[in-house]
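Peer 1: Protein chains in written order, with the working numbering: chain H, 1 to 293; chain L, 1 to 331.
1) Look at the alpha carbon of residue 185 of chain L and the alpha carbon of residue 219 of chain H, and state the distance between them as a whole number of angstroms.
2) Report the residues of the stretch 276-292 of chain H with a CB closer than 9 Å to any CB of chain L, ordered along the chain.
3) Of the choices H/287, H/279, H/290 and H/120, whose alpha-carbon is the least far from that of residue 30 of chain H?
4) Please go through the stretch 69-122 of chain H and give each complete alpha helix (DSSP H) segment of 4 or more residues, from N-terminal end onward.
5) Would residue 232 of chain L and residue 85 of chain L qualify as a contact pair, given that the criterion is a beta-carbon distance under 8 Å?
6) Taking all protein chains shown into account, do 16 or more other C-beta atoms lie within 10 angstroms of the C-beta of residue 233 of chain H, making it buried, or fewer, making it exposed?
7) Does the distance between the C-beta of residue 329 of chain L and the nearest non-hydrogen atom of the ligand GDP fall short of 7 Å?
8) Since residue 219 of chain H is in the alpha helix (DSSP H), which residue starts that stretch and which ends it?
9) Using 8 Å as the limit for Cβ to Cβ distance, is residue 194 of chain H near chain L?
10) Give the straight-line distance between the Cα atoms of residue 73 of chain H and residue 65 of chain H, rounded to the nearest whole angstrom.
11) Which residues of chain L have a Cβ atom closer than 9 Å to the Cβ of residue 191 of chain H, listed in chain order?
12) Would you kindly work out how many angstroms separate the C-alpha atoms of residue 300 of chain L and residue 253 of chain L, rounded to a whole number?
13) Assuming residue 53 of chain H is part of the beta strand (DSSP E), what are its boundary residues?
14) Starting from residue 167 of chain L, find everything on chain H with Cβ-Cβ shorter than 9 Å and list it in chain order.
15) So, is residue 323 of chain H buried or exposed, given that buried needs 16 or more other C-beta atoms within 10 angstroms?
16) What residues from chain L crowd round residue 250 of chain H, counting only those whose CB sits closer than 7 Å?
17) For residue 129 of chain L, does the count of other Cβ atoms within 10 angstroms reach 16, so buried, or fall short, so exposed?
18) Under 7 Å Cβ to Cβ from residue 280 of chain L, same chain only, skipping five residues before and after it: list those, please.
19) What residues of chain H sit near residue 88 of chain L, judged by a beta carbon separation below 9 Å?
20) State buried or exposed for residue 83 of chain L, treating a residue as buried only when at least 16 other CB atoms are found within 10 Å of its CB.
21) Would you grab the beta carbon distance between residue 75 of chain L and residue 6 of chain L for me? Rounded to a whole angstrom, and I think it's under 8 Å.
22) Is there at least one Cβ from chain H nearer than 8 Å to residue 101 of chain L's Cβ?
23) Within 10 angstroms of its Cβ, does residue 65 of chain L collect 16 or more other Cβ (buried), or is it exposed?
24) Tell me which same chain residues have a C-beta within less than 8 Å of the C-beta of residue 108 of chain L, skipping the five on either side of it?
25) Between which residues of its own chain and residue 73 of chain L is the CB-CB distance below 6 Å, once the five residues before and five after are set aside?
26) Under 8 Å, Cβ to Cβ, is there at least one residue of chain H near residue 1 of chain L?
27) If we cut at 8 Å on Cβ distances, does residue 157 of chain L have a partner in chain H?
28) Are there three or more Cβ pairs, one per stretch, closer than 8 Å when the stretch 79-92 of chain H is compared with the stretch 198-214 of chain H?
29) Tell me, please, whether the CB atom of residue 7 of chain H is closer than 8 Å to any CB atom in chain L?
30) Does the separation of the CB atoms of residue 209 of chain H and residue 288 of chain H fall below 8 Å?
31) For residue 121 of chain H, count neighbouring C-beta atoms within 10 Å of its own C-beta (all shown protein chains included) and say buried if the count is 16 or more, exposed if not.
32) Just checking: is the beta-carbon of residue 4 of chain H within a distance shorter than 8 Å of some beta-carbon in chain L?
33) Which residues of chain L have a Cβ atom closer than 7 Å to the Cβ of residue 27 of chain H, listed in chain order?
34) When DSSP labels each residue in this structure, what does residue 19 of chain H get in the three-state scheme?
35) Applying the 10 Å Cβ sphere with the 16-neighbour rule, what's the burial state of residue 323 of chain L?
36) Determine the chain H residues that contact residue 106 of chain L at a beta-carbon separation under 9 Å, and present them in chain order.
Shown next as structure tokens:
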């Protein structure tokens, strides 16, 4: 009927309906990262099944021993199996990392979109508040806030998220400022779409990549920030444990034969952070249908 | 439809000015035009003649800084001064637009079918998923996209330029609007694809009751498609009439210049002869000439007359008007 059939071949049997998964699966590092995160999370949250020993199973006479077949990661100064302790501590670290990342990304994205899309004085007010949060050194705020509010891990999450949203808000605002000038926003407008609809249907899908990266970066930074806090003594307190406060308790062993007490929680943090970043990378690429490989 | 019914679109004495640092830019001055039901009206002019500003005014898309006077009536009701939410009812539903740049007017991260479905859902939420999909496929088919079923699942970057333009047209007619404003729909395309797109517009004209306001700088595009042609120059309407007299009994010197500057295969040119061009340039909107806006470039301009008096549209034929002081003398 018309000669356009030749204009572009229809990609044959490619499952274009599942493009997102297909694109993600092609990203090897992301797949590896996802596997690591899932295994790690499984081991931590099901530590009562997976861990070789019971939590807080102390053998004071044993003391700190180096890794052996019986204790794969050795034992700590109280004679507890270190692998077991790391798995249990991971619950808190992962929970804090993930919930802070998601919470701060959501808050940051919402505020960034408002600032970018509404523009004018609303945008200015939001961005000045963001600046205010950015110029205050986060550690100081955290330390003071945790002293004043108590240190339940919910409070830690809220406080960390209260600081983490600022960067993503700025990034999202910048993106929105560029996106709202695109012709398809005008096109949606003349199709009769409301502003809410434009934001939800046209802007957010374009922001998904940025948000994914933000989540992964925030997982990493908040696990590290929590570790720093715990290390300084403002974070999680024994008997609750996180990777951060394991590090802080082991800090005295730097340069002694028991240095492994420091390495293993540190390694757990490192692996988690790396794996999550790879996942974030993969997500960003998968959210962009134009990316080819 | 009886004669008493108001025209579908009636623009009267529309003037649009923008305050800028260099003073007031008068983008459009006293332009009137009408589109009757089922008609295709072409709006022609050079870049900068104000034709896109007119379409933005019809849609209520002008920035707040624009000063607008006159009236734009759609089916008898005034559009100027309407609120955003009142306009939203109309946009896409009664009046739709096809944009010029098809690549940037489509959202790169949404599948073509989903974008089309979105255009429908904005105004009609009653359709089921299946009905919606069927409608999308039907629309893609109507604008001449082969294998619409599969192509609905592709992203814009997987489409060629002509196909993207077809998708935009499909979005425009998704809700069977009364009026479709096509703003230079063929400009970014090469000539063969251009012809196909025009064919699609023709099909819409023949198969639906949608009227089309076709904005273009290419008179050739209008010859086979338009019922009426409105010619704009430097923000003013210079000629307006049915398509035949515009082409064969051209009244205004500017329109004549435009026609003469079209390359034609049936007119022999040797190496020495050149394509005609209208001398001079479009005047700056901050300082339009006194009198007739075209007089500095007009071969028929008369001193002490064309540079003083503002020509008013005068009837030169059946439904054919031209704004030229010397229309009698040069005709």
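Beta carbons are placed, not taken as given, at the ideal position from N, Cα and C, and that holds for glycine.
Peer 2: In this structure, then:
1) Position 185 of the second chain holds residue 185 of chain L. Position 219 of the first chain holds residue 219 of chain H. Straight-line Cα distance between these residues: approximately 47 Å.
2) So the close ones are 287, 288, 289 and 290.
3) Locating residue 30 of chain H in the first chain gives position 30, where the first residue counts as 1. For the residues H/287, H/279, H/290 and H/120, the minimum Cα distance to residue 30 of chain H belongs to H/279.
4) For the stretch 69-122 of chain H, whole alpha helix (DSSP H) runs of length 4 or above, ordered along the chain, are 82-118.
5) Here residue 232 of chain L corresponds to residue number 232 of the second chain, with the count starting at 1. Here residue 85 of chain L corresponds to residue number 85 of the second chain, with the count starting at 1. No.
6) Here the question's residue 233 of chain H lines up with position 233 in the first chain. By the 10 Å Cβ count, residue 233 of chain H comes out exposed.
7) This structure simply doesn't include the ligand GDP, nor any ligand for that matter.
8) As a working note, residue 219 of chain H is residue 219 in the first chain. Segment 204-232, the alpha helix (DSSP H) holding residue 219 of chain H.
9) For the purposes of this step, residue 194 of chain H is taken as residue 194 along the first chain, with counting starting at 1. Interface residue (Cβ-Cβ distance to chain L less than 8 Å): residue 194 of chain H is classified as such.
10) For this step, residue 73 of chain H is matched to residue 73 along the first chain. For this step, residue 65 of chain H is matched to residue 65 along the first chain. Looking at the two C-alpha atoms, the distance is approximately 9 Å.
11) Here residue 191 of chain H refers to the residue found at position 191 when the first chain is read from its first residue. Within chain L, the residues near residue 191 of chain H are 91, 92, 93, 96, 97, 118, 119, 122, 123, 171, 172, 174 and 175.
12) Taking the second chain and counting its residues from 1, the one referred to as residue 300 of chain L is at position 300. Taking the second chain and counting its residues from 1, the one referred to as residue 253 of chain L is at position 253. Approximately 8 Å, taken between the alpha carbons.
13) Counting from 1 along the first chain, the entry for residue 53 of chain H is found at position 53. Under the DSSP assignment, residue 53 of chain H falls outside any beta strand (DSSP E); it carries neither an H nor an E label.
14) For the purposes of this step, residue 167 of chain L is taken as the residue at position 167 of the second chain. Residue 167 of chain L does not reach chain H, its nearest Cβ partner there being about 11 Å away, counting only Cβ pairs nearer than 9 Å.
15) The requested residue 323 of chain H is not part of the displayed model; chain H covers only 1 to 293.
16) Counting from 1 along the first chain, the entry for residue 250 of chain H is found at position 250. In chain order: nothing, as chain L lies at least about 46 Å away.
17) As a first step, residue 129 of chain L is located in the second chain; it is residue number 129 there, counting from the start. By the beta-carbon neighbour count (other beta carbons within 10 angstroms, threshold 16), residue 129 of chain L is exposed.
18) Walking along the second chain from the start, residue 280 of chain L turns up at place 280. Contacts found: 296 and 297.
19) Position 88 of the second chain holds residue 88 of chain L. Close partners of residue 88 of chain L in chain H (Cβ separation under 9 Å): 189, 192, 193 and 194.
20) Looking up residue 83 of chain L in the second chain gives position 83. That one is exposed.
21) On the second chain, position 75 is the one that residue 75 of chain L refers to. On the second chain, position 6 is the one that residue 6 of chain L refers to. About 6 Å separates the Cβ atoms of residue 75 of chain L and residue 6 of chain L, confirming a contact at the 8 Å cut-off.
22) In the second chain, residue 101 of chain L corresponds to position 101, counting from 1. Interface residue, yes.
23) For the purposes of this step, residue 65 of chain L is taken as residue 65 along the second chain, with counting starting at 1. When all chains shown are included, residue 65 of chain L counts as exposed.
24) In the second chain, the residue the question calls residue 108 of chain L occupies position 108. Within the same chain, residue 108 of chain L has close Cβ partners 155, 156 and 157.
25) Along the second chain, read from residue 1 onward, the residue named residue 73 of chain L stands at position 73. Contacts found: 10.
26) Taking the first residue of the second chain as position 1, residue 1 of chain L is located at position 1. With a pLDDT of 45 at residue 1 of chain L, under the threshold of 50, the modelled position of that residue is not reliable, and the figure given next carries that caveat. No, residue 1 of chain L lies away from the interface with chain H (no Cβ there is under 8 Å from its Cβ).
27) In the second chain, counting from the first residue as 1, residue 157 of chain L sits at position 157. At least one C-beta of chain H is nearer than 8 Å to the C-beta of residue 157 of chain L.
28) The stretch 79-92 of chain H, when compared against the stretch 198-214 of chain H, does not touch it at the 8 Å Cβ threshold.
29) For the purposes of this step, residue 7 of chain H is taken as residue 7 along the first chain, with counting starting at 1. In this predicted model, residue 7 of chain H has a pLDDT of only 44, less than 50, meaning its place in the structure is not dependable; the value taken from the coordinates is given anyway. Look at residue 7 of chain H: its C-beta is under 8 Å from a C-beta on chain L.
30) Taking the first residue of the first chain as 1, we reach residue 209 of chain H at position 209. Taking the first residue of the first chain as 1, we reach residue 288 of chain H at position 288. Result yes, Cβ atoms of residue 209 of chain H and residue 288 of chain H sit closer than 8 Å.
31) Looking up residue 121 of chain H in the first chain gives position 121. By the neighbour-count rule (16 or more Cβ atoms within 10 Å), residue 121 of chain H is not buried but exposed.
32) Position 4 of the first chain, counted from the first residue, corresponds to residue 4 of chain H. For residue 4 of chain H, the pLDDT reaches just 43, beneath the cut-off of 50, and the residue's location in the model is therefore unreliable, although a value from the coordinates is still provided. True, the Cβ-Cβ gap to chain L drops below 8 Å.
33) The residue given as residue 27 of chain H occupies position 27 in the first chain. The contacting residues do not exist; residue 27 of chain H stays about 17 Å from chain L at best.
34) Counting from 1 along the first chain, the entry for residue 19 of chain H is found at position 19. In the structure shown, residue 19 of chain H sits in a helix (DSSP, three-state: H, G or I).
35) Numbered from its first residue, the second chain carries residue 323 of chain L at position 323. Residue 323 of chain L is buried by the Cβ-count criterion.
36) Taking the second chain and counting its residues from 1, one reaches residue 106 of chain L at position 106. 183, 184 and 187, listed in chain order.
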